[in-house]
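Using the UniProt record's numbering, you'd call the opening residue of the sequence shown number 1 and step up by one each time. For each residue, glycine too, the CB sits at the ideal point set by N, CA and C. Because the structure is a prediction, the values reported are computed rather than measured. All remarks here apply to the structure that follows.
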Amino acid sequence: MFERLFPRRKARPDQPPQPNPQLALGALLVRVALADRNYQAAEVGQIDRILADTFDLKPLEAAKLRATCEALERHAPGTPEFADILREEVDYAQRRALADAMWSVALADGDRDPGEEIQLLAIETALGLTDADIAAARQKALAGH
């Protein structure tokens, strides 16, 4: 009798995937864009371009990857765990280039936001970048802004 009134809910199979370097990068890009609590179309487009260029994806594939990364970012571990995945799999020069990409996401909406800059610093530090390389990425991004 109670089964009809209160049916059991099925387990949700929509658990986010385990992060790999591709998903970790995407989730960190999304995290930067969300740091100011204002996720704009310009930032979404910039994330899609970065994912497409980095992983040689077609625009639709990049958008699907970003959507997966958005879900992962909402349910996933903190920044250090994503950064650890990238530190293990990506060489230093590429991680330095990732900092440039993340700055381009942070500035894609045309605004400098302290929350985004704090998030960027945390990510760059977790990626193991030197203070000099962090400062250079910031200076390069702001010079072009």
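Would you mind sorting residue i into buried or exposed? The rule is 16 or more other CB atoms within 10 Å of its CB.
| i | result |
| --- | --- |
| Glu88 | exposed |
| Ala141 | buried |
| Ala137 | buried |
| Phe6 | Because the pLDDT of Phe6 is 45, which lies under 50, any placement of that residue in the model is unreliable, and the number read from its coordinates should be weighed accordingly. Per the 10 Å Cβ criterion, exposed. |
| Pro19 | buried |
| Ala93 | exposed |
| Leu127 | buried |
| Ala108 | buried |
| Asp111 | exposed |
Leaving out five residues before and five after residue i in sequence, what residues of the same chain have Cβ atoms less than 8 Å from its Cβ?
| i | result |
| --- | --- |
| Ile85 | Pro19, Asn20, Pro21 and Ala24 |
| Ala97 | none |
At which residues does the alpha helix (DSSP H) containing residue i begin and terminate?
| i | result |
| --- | --- |
| Gly75 | A small fix is needed here, since residue 75 is His in this sequence, not Gly. Looking at the DSSP string, the run of the alpha helix (DSSP H) that includes His75 is Pro59 to His75. |
| Pro19 | Per DSSP, Pro19 belongs to no alpha helix (DSSP H) and is neither H nor E. |
| Leu98 | Tyr92 to Ala106 |
| Arg87 | Thr79 to Glu89 |
Cutting at 7 Å between CB atoms, please list the residues of its own chain near residue i, excluding the five before and the five after it.
| i | result |
| --- | --- |
| Glu55 | The question names Glu, but residue 55 in the sequence shown is Phe. Gln22. |
Just checking: is the beta-carbon of residue i within a distance shorter than 7 Å of some beta-carbon in chain B?
| i | result |
| --- | --- |
| Asp111 | Among the chains of the structure shown, chain B does not appear; only one protein chain is present. |
Can you find the residues in the same chain that come closer than 6 Å, C-beta to C-beta, to residue i, ignoring five residues on each side of it along the sequence?
| i | result |
| --- | --- |
| Asp113 | Asp36 |
- So, do the stretch 110-124 and the stretch 44-53 have three or more beta carbon pairs nearer to each other than 8 Å? no
- If you pair each beta-carbon of the stretch 27-39 with each one of the stretch 57-70, do three or more pairs fall below 8 Å? yes
- Item | Given 8 Å, three or more beta-carbon pairs between the stretch 58-67 and the stretch 99-117 | no
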